[in-house]
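Take a look at the structure below.
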Amino acid sequence: MAASLHTSQLGSAFLGKRNGICVSTVPVTHLGFRRKTVECKESRIGKQPIEVPANVVITLEGQDMKVKGPLGELALSYPREIAIDRQESVLKVCKAVETRRANQMHGLFRTLTSNMVVGVSKGFEKKLQLVGVGYRATVEGKELILSLGFSHPVKMTIPDDLKVKVDENTRITVSGYDKSNIGQFAASIRKWRPPEPYKGKGVKYADEIIRRKEGKAGKKK
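When we follow this note's numbering, the leftmost residue of the sequence shown carries the number 2, and every step to the right adds one.
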């Protein structure tokens with residue numbers, strides 16, 4: 002089913018583009034600002050359109066948007082300074098007003114919106130690696146069990162919206178549709194034994210580069 006978005010519920014009317022810039026009219030009742038035409042001089046990130054796959058459904062009620070796809074459903078509340086424009090299978094995040102706060106949030110909410118669309122349709126993953134003699138990981142049911150040199154193994158409950166896979170006892174893959182939750186859970190795994198700078202021993206992200214330090218030289222006699 003094709004995605005659908007009701008821009009009439011935004012409380013702002015998208016008028017089109019003027020010299021490549023989004024132009025919208027902002028009503029007094031929605032934002033509390035004087036009615037005027039606003040030119041959205043978008044940020045480098047914010048101006049990028051977002052492609053919406055046919056298997057993703059987007060609905061909007063006021064400033065609350067829900068994104069539903071084959072992998073799950075996510076929701077996001079937009080501040081009043083941000084407006085959404087839908088053109089066929091493309092979403093565009095615009096500033097509804099020209100303020101410093103709107104400028105600061107423009108790129109952020111474009112990124113959050115894109116992550117939602119990609120997450121429910123394709124998903125995300127974060128990989129970690131255990132480095133150290135005897136370090137190992139296993140998954141038992143809904144628990145990730147880590148052996149990291151402590152007197153007892155570390156047991157972590159895997160959130161319902163995430164999947165964890167372990168390869169060769171030392172490579173962990175955390176996957177799901179919510180990029181934020183994936184990052185938080187991966188960070189909580191790494192936190193148990195951050196890589197030390199001398200031998201790189203610990204839990205590190207697969208793409209993480211550890212800045213190594215040289216060991217202290219022996220004292221001269």
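Glycine included, C-beta positions come from ideal geometry on N, C-alpha and C.
Minimum Cα-Cα distance from PHE125 among the listed residues GLU52, MET117, LEU131 corresponds to MET117. Of the candidates GLU169, VAL165, VAL204, GLY203, VAL165 places its Cα closest to the Cα of GLY177.
Taking C-beta atoms as the reference points, GLY120 and ASP161 fail to come closer than 8 angstroms.
Per the coordinates, the alpha-carbon of GLU89 lies some 55 angstroms from the alpha-carbon of VAL134. From the listed residues LYS128, LYS69, LEU77, GLU141, the smallest Cα separation to LEU113 is found for LEU77. Annotation: the continuous beta strand (DSSP E) that includes ILE146 extends over 144-148. Here DSSP, grouped into helix, strand and coil, assigns LYS127 to strand.
Cβ-Cβ distances below 7 angstroms link MET106 to PRO80, GLU82, ILE83 in the same chain, with the five nearest sequence neighbours on each side left out; the list follows chain order.
By a beta-carbon distance limit of 8 angstroms, ARG194 contacts LEU149. Their separation comes to about 4 angstroms. Taking the Cα positions, TYR136 is about 23 angstroms away from LEU163. Residue environment: ILE210 is assigned as exposed (fewer than 16 neighbouring CB atoms within 10 Å of its CB, all protein chains considered).
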